[in-house]
Each structure stands twice: as structure tokens, then as C-alpha cells.
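**Student:** Here it is, the structure in full.
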Amino acid sequence: PLAGNTEAFLDRFGFEGDRRLMVVDAEVYGGQHAFLTQRQLPRMCLISTEIRSNTGGQTLVLSAPKTEPLELAPSPAANAKLKYVRVWSDNRLVAADMGDEAAAWLSGVLRHKCR
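With our numbering applied, the sequence shown closes on residue 510, and no number is skipped along the way.
See below:
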């Protein structure tokens, strides 16, 4: 449900901004990173997200208990490193890496090396 929202925008992938980011294992298996779920890493439930609008555009804020929030651009940089990832049975999907700072923050919260 879109509780509290009065409008939503669609693009060719569905709701604008919905399900565009994922956490993947830092280790490479068979030439690709595997996506991770809360089923595998229950600590994922500790992470909350917020999109903040400001004069420079938007900022994605990741928060977790007893951890400093992390502010990121809501989309990867144009020069972001590309990684091959596997989502369920879909192999060799291309995803843009959000960078070392995001990877370190997520790895710390989740207690698992991830990107």
C-alpha cells in the first residue's frame, strides 16, 4: 500500500524508484555476485531508508540502530563500476556498484561482506 502518498509515477520498470537497489554478496561465484535477501540476513530488517529532497536534488539515507546514517545519491554515479549479478535464476545481470562507503556501511550493519 502507498499509505500517505497521494500520487505515484511510473517508468518502464514500474513505480519510479521502486526496487532499484539491492545488496549482493561481496564474494564472486561463477563470475558474478549473488543477491542477498532478508531471509539469508535477518539483520536486513534493521535498515530503514528515506529519500530526502534538498536544493541539490535528492539524497538516499540509510539508517540502522547504533549506526551513523549513511547519505548517498539515490542512483549510482555515471562512472560507477559495473558488476555481474545473479537474482534467483537470472544470471549475468548487470548492476552498478554504489561504492565502497555503501559497501562498508552495509557490511557493518549486516555483519556480512556485501556490496
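Glycine included, every Cβ here is placed at the ideal spot set by N, Cα and C. All values reported here derive from a predicted model rather than from experimental measurement.
Which residue comes first and which comes last in the alpha helix (DSSP H) that contains residue 465?
**Tutor:** It is not in any alpha helix (DSSP H) - residue 465 instead sits in the beta strand (DSSP E) that spans 462 to 467.
**Student:** Please determine if the segment 486 to 497 and the segment 439 to 454 are in contact, where contact requires at least 3 C-beta pairs separated by less than 8 Å.
**Tutor:** The segment 486 to 497 vs the segment 439 to 454: no contact.
**Student:** In this structure, how does DSSP classify residue 396 when only helix, strand and coil are distinguished?
**Tutor:** Low per-residue confidence applies at residue 396: pLDDT is 48, beneath 50, and the placement is therefore not dependable, though the value from the model is reported in the following sentence. Three-state DSSP puts residue 396 in coil, outside helix and strand.
**Student:** Given that a residue counts as buried once 16 or more other Cβ atoms are within 10 Å of its Cβ, and exposed if not, what is residue 510?
**Tutor:** Its Cβ being crowded by 16 or more others within 10 Å, residue 510 is buried.
**Student:** Excluding the 5 residues preceding and the 5 following residue 511 in the sequence, name in chain order all residues of the same chain whose CB lies nearer than 6 Å to its CB.
**Tutor:** A question about residue 511 goes unanswered here, because the residues of the chain that appear run from 396 up to 510.
**Student:** If you draw a straight line from the C-alpha of residue 503 to the C-alpha of residue 406, how long is it?
**Tutor:** Rounded to whole angstroms, residue 503 to residue 406 spans 33 Å at the Cα level.
**Student:** Taking only the alpha-carbon atoms, compute the straight-line gap between residue 424 and residue 432 and give it to the nearest angstrom.
**Tutor:** Taking the straight line joining both Cα atoms gives about 17 Å.
**Student:** What residue range is occupied by the uninterrupted beta strand (DSSP E) comprising residue 482?
**Tutor:** Looking at the DSSP string, the run of the beta strand (DSSP E) that includes residue 482 is 477 to 482.
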